[in-house]
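Under the working numbering, read the sequence shown as residues -9 to 56, first letter to last.
Ideal placement from N, C-alpha and C gives every residue a C-beta, glycine not left out.
This one's a predicted model, so the numbers in the text were calculated from it and none came from an experiment.
Some notes on the structure that comes next.
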Amino acid sequence: FLMGGTMSPFNREIEAVDEDDAREKMLSLIGSEHRCKRNKIMVENIVEIPLDEVEDPLIRARIEGV
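Printed below as a string of structure tokens:
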């Protein structure tokens, strides 16, 4: 995303139903956390990761049903 005139790369794990849902959540989260407008956020790709590669403990717990 564009912050202060420079592009800041980012990776984020989120829980979503499909790619459109994931993109919407990403735009919403980055926009609210960094006060960045949606047209300044570039999502290059969305990748589904296997459960054993999930690093976020909250997402892992929700997926595993714990």
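- Within the DSSP bridge table, the entry for Leu(-8) names Met(-3) as partners.
- The straight-line gap separating the alpha-carbon atoms of Leu19 and Ala51 is approximately 20 Å.
- Inter-residue distance for Lys27 and Met(-7) is about 10 Å (C-alpha atoms, whole angstroms).
- A Cβ-Cβ contact shorter than 7 Å links Arg13 with Val33.
- If the five residues before and after Ile4 are omitted, its C-beta is found closer than 8 Å to the C-beta atoms of Ala12, Lys15, Met16, Leu19 and Ile49, all from its own chain and listed in chain order.
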